[in-house]
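Residue numbers for the sequence shown follow full-length UniProt numbering, beginning at 1 and rising by one. All C-beta atoms, glycine included, are put in the ideal place defined by N, C-alpha and C. See below for the structure under consideration.
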Amino acid sequence: MENTNILIIEDNNDINEMIYNYLNKNGFKCYQAYSGTEGLLYCKDDNYDLIILDLMLPGMDGKSVLVKIREKSDIPVIVLTAKDSLNSKVEILEIGAYDYLCKPFELEELLARIHVQLRKSNKKTNNMTFKKLTLDNQIYDAIINNQLLQLTRHEYYILELLIQNPKRVFTKQEIYAYAWNDDYLSDDKTINVHISNIRKKISKQTDEDYIKTVWGIGFKMAE
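Next up, the structure:
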């Protein structure tokens with residue numbers, strides 16, 4: 001998430017601050033707007049990787065803002081809405097939202113949905129590299145010393161998350177939310193097993209450590 005910029009357009013100060021603080025804590029660089037007009041002014045910079053947009057905004061509402069954004073950009077937009085009817089959800093998606101979340105919502109679910117959208121966007125970007133390891137986002141595998149590791153899909157996503165912000169320690173819950181797109185981790189042994197399998201595959205190609213265990217917290221890339 002390092003160098004990932006997110007614009008929050010939400011007029012409710014408490015909700016805006018709550019999202020801002022939570023995403024900052026999770027490694028994102030966030031910017032805040034409190035009206036549709038202000039949000040569109042921010043959008044002129046075109047420096048954002050994702051936008052979180054509330055529908056019920058003063059002045060220019062969220063739908064109008066979304067239409068304006070879509071005239072110039074295909075940036076991922078996650079809409080926050082108090083309307084949970086099917087027609088409302090369909091309309092939001094048809095005018096250009098990539099995803100939506102009904103209020104009230106859990107921050108963990110918002111984070112998981114952000115990860116999904118960024119993952120889709122990352123397919124259009126260059127492969128990620130850490131030390132001698134390169135993640136190939138076209139084949140969902142990693143290459144080290146010119147050898148494929150033959151990762152499973154979940155193993156690939158775990159490495160993708162860790163490499164995005166190699167200095168940060170990720171909890172098992174955060175890893176599970178990203179790699180499985182699910183907030184409920186019933187047994188953290190699932191993460192331990194997948195980390196162990198990744199380490200075994202890497203160790204067949206190099207003696208260098210790539211994943212570090214931070215006891216009592218989680219995992220990070222080994223520098």
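query: Can you name the residues that DSSP bridges to residue 221?; result: 211
query: So for residue 60, helix, strand or coil by DSSP?; result: coil
query: What is the rounded straight-line gap between the Cα of residue 92 and the Cα of residue 168?; result: 35 Å
query: In the UniProt domain "Response regulatory" (5–118), which residue ranges form an unbroken beta strand (DSSP E) of at least 3 residues, counting only runs that do not cross its ends?; result: 5–9, 29–33, 50–54, 77–81, 99–102
query: Taking Cβ positions, are residue 102 and residue 132 nearer each other than 9 Å?; result: no
query: Using 8 Å for Cβ pairs, my map puts residue 121 next to residue 76. What's the rounded Cβ distance?; result: 6 Å
query: Which residues in the same chain as residue 111 place their Cβ atom closer than 7 Å to its Cβ, once the five residues preceding and following it in sequence are excluded?; result: 26, 177
query: Residues in its own chain within less than 7 Å of residue 172 by CB, not counting five upstream and five downstream?; result: 185, 188, 191, 218
query: By DSSP's criteria, residue 147 is part of a beta bridge. Which residues make up the other side?; result: 144
query: Identify whether residue 159 lies in helix, strand or coil by the three-state DSSP scheme.; result: helix
query: Whole angstroms is fine: what's the gap from residue 159's alpha carbon to residue 210's?; result: 10 Å
query: Leaving out five residues before and five after residue 23 in sequence, what residues of the same chain have Cβ atoms less than 7 Å from its Cβ?; result: 6, 30
query: Suppose you measure from the CA of residue 206 to the CA of residue 199; what does that come to, to the nearest Å?; result: 10 Å
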